[in-house]
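Everything below concerns the one structure shown next.
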Amino acid sequence: MKEELDVMLERKVWHLVDLPPNIDPIGCRWVFALKKNETGEVVRYKARLVGQGFKQIKGISYDDTFSPVVNFSLIRFFFAVLVVGQNWVHIQCDIKCAYLYAPLKEDVFMKQPPGFEVKGKEGMVCKLDKALYGLHQSGREWFFEIHNTLKNLGFNKFEWCNCIYSYENDLLLLLYVDDIVFIGRSIEKVMRGIKLLQKYFDLKILGKTRRLLGVEFEEKNEEVFIHQSMYIDEIHRRFSEYLIPFSSLPISKGVVFTRSQCPQTNHEREEMAEFPYRNLLGCLSFLSNRTRPDISYAVNILSQYQNNPGKEHWKGLLRLLGYVKSTSFYQLNLSCFKPKIVAFSDSDFTACRDDRVSMGGQIIFIGQAPIV
Numbered sequence: 001m002k003e004e005l006d007v008m009l010e011r012k013v014w015h016l017v018d019l020p021p022n023i024d025p026i027g028c029r030w031v032f033a034l035k036k037n038e039t040g041e042v043v044r045y046k047a048r049l050v051g052q053g054f055k056q057i058k059g060i061s062y063d064d065t066f067s068p069v070v071n072f073s074l075i076r077f078f079f080a081v082l083v084v085g086q087n088w089v090h091i092q093c094d095i096k097c098a099y100l101y102a103p104l105k106e107d108v109f110m111k112q113p114p115g116f117e118v119k120g121k122e123g124m125v126c127k128l129d130k131a132l133y134g135l136h137q138s139g140r141e142w143f144f145e146i147h148n149t150l151k152n153l154g155f156n157k158f159e160w161c162n163c164i165y166s167y168e169n170d171l172l173l174l175l176y177v178d179d180i181v182f183i184g185r186s187i188e189k190v191m192r193g194i195k196l197l198q199k200y201f202d203l204k205i206l207g208k209t210r211r212l213l214g215v216e217f218e219e220k221n222e223e224v225f226i227h228q229s230m231y232i233d234e235i236h237r238r239f240s241e242y243l244i245p246f247s248s249l250p251i252s253k254g255v256v257f258t259r260s261q262c263p264q265t266n267h268e269r270e271e272m273a274e275f276p277y278r279n280l281l282g283c284l285s286f287l288s289n290r291t292r293p294d295i296s297y298a299v300n301i302l303s304q305y306q307n308n309p310g311k312e313h314w315k316g317l318l319r320l321l322g323y324v325k326s327t328s329f330y331q332l333n334l335s336c337f338k339p340k341i342v343a344f345s346d347s348d349f350t351a352c353r354d355d356r357v358s359m360g361g362q363i364i365f366i367g368q369a370p371i372v
């Protein structure tokens, strides 16, 4: 906690002022978390002071909030084409307390951190000069801060996608909030880009990409594989109080889901409200978008009933979790020795039992790597 406050004092995140009239300051609280490495071992105990942004008023203490990030399909693409296909080097970095670098445009007043009030000034409040975790606009302000810095350093943003920057045609920077992956033609080129950024930010070098955005990266015999076995184990433990059956298929053969299986009475809806349907669905959707395209169809089908799920839909979701757990060793191979683009598409014909809507799907490979 003291380390976090020391960083805030160093970066001049706020200064104390008397509370202006007719202003209701937002509160703040401490959030604690465990930082783990790619093997699941705890490497750091984190404490972060966050502002209670839910008390902010739109148009007064914040306005726009959108903040872009790199699409994960592009991370797969560059690893397949450059890291595997061209043998480029990749290094992962993390910016410490990134939001605290970004200046705020709006006036935001916050109560002093509990337990760390300045002696003799307990009645004063913090006027925030920099973005703080928890505020609505903090992510957006941080993006503009690092975007402008990269632009001034000579990095060029890709026109056709967000948060991808190039430097002298042989170095790429992929940005996801405060997580950065450098991909360069040589280690010297990558280190040059890192040193440029270290002039402005506290950049921690994590080495080769091993765990990024909930995805584990492994290199074997000059190939890159990605998987989420740790995340699968985590969600399996989280929902272990429910009976999770083993399944060899995402949706069992012959099983059809329809609206007729949805609750029809208030009593049935109250019974189903006890089950965390949307929570589990969100976890499985995250898996399907990152490393498990084999469950995309099942997730799509079961998501159609999330507003009013029935017992059969819940059982289907648990069976899908059982399938994912039993195949947690599955990995995506990002091999791309021959960068040939191959696309597959398919659709059914009015197969939906409820309204006879057709469903289509597609997958695009570059080499052996599924990208989209």
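Taking full-length UniProt numbering, I'd label the letters of the sequence shown as residues 1 to 372.
We treat Cβ as the ideally placed atom computed from N, Cα and C, and that holds for glycine.
Excluding five sequence positions before and after Val70, the CB atoms of its chain that fall closer than 8 Å to its own CB belong to Cys161, Asn162, Cys163, Ile164, Leu174, Leu175 and Tyr176, given in chain order. Fully enclosed beta strand (DSSP E) runs of no fewer than 3 residues occupy 341-347 of the segment 299-349, in order along the chain. Residue environment for Phe32: exposed (fewer than 16 other C-beta atoms within 10 angstroms of its C-beta).
With the rule of 3 Cβ pairs closer than 8 Å, the segment 201-208 does not count as touching the segment 309-316. The Cβ atoms of Arg292 and Tyr231 lie no closer than 8 Å to each other.
It is roughly 18 Å from the alpha-carbon of Leu9 to the alpha-carbon of Gly120. Here Tyr323 has Ser247 and Pro250 as same chain residues with Cβ atoms under 6 Å from its own Cβ, once five neighbours each way along the sequence are excluded. Counting along the chain, His15 sits inside the beta strand (DSSP E) bounded by residues Trp14 to Val17. Setting aside the 5 residues that flank it on each side, Lys35 is surrounded in the same chain by Val43, Arg44 and Lys46, each with a C-beta closer than 6 Å to its C-beta; the list follows chain order. In the structure shown, Asn22 adopts coil according to DSSP, grouped into three states.
C-alpha of Val372 to C-alpha of Lys311: approximately 32 Å in a straight line. The beta carbon of Arg11 sits closer than 8 Å to the beta carbons of Cys97, Leu100, Tyr101 and Lys130 from its chain, once the five residues preceding and following it are set aside; these are given in chain order.
Put simply, the backbone Cα of Thr265 is about 15 Å away from that of Glu274.
When the beta-carbon positions are compared, Asp294 and Asp179 stay at least 8 Å from each other. By the Cβ rule, the segment 300-307 counts as touching the segment 269-285, because three or more pairs are nearer than 8 Å. Annotation: Lys96 is outside any beta strand (DSSP E) and is labelled neither H nor E by DSSP.
Boundaries around Gln362 are those of the beta strand (DSSP E), Gly360 to Ile366, since no alpha helix (DSSP H) includes it. Annotation for Leu19: Pro25, Phe109 and Val125 place their beta carbon closer than 7 Å to its own, counting only its chain and skipping 5 residues before and after.
8 Å or more divides the Cβ of Gly115 from the Cβ of Gly53. For Cys126, the secondary structure class from DSSP, reduced to helix, strand or coil, is strand.
In this structure, the beta-carbon distance from Gln228 to Glu216 falls below 8 Å. Secondary structure at Phe79: helix, using DSSP grouped into helix, strand and coil. Contact annotation, Ser335 with Glu223: C-beta distance approximately 5 Å; criterion of less than 8 Å satisfied. Membership of Glu4 in the alpha helix (DSSP H) is indicated by the continuous run Lys2 to Glu10.
Note on geometry: alpha-carbon atoms of Tyr200 and Ser240 lie some 45 Å from one another. For Lys105, the secondary structure class from DSSP, reduced to helix, strand or coil, is coil. Per DSSP, the unbroken beta strand (DSSP E) holding Glu218 starts and ends at Val215 to Lys220.
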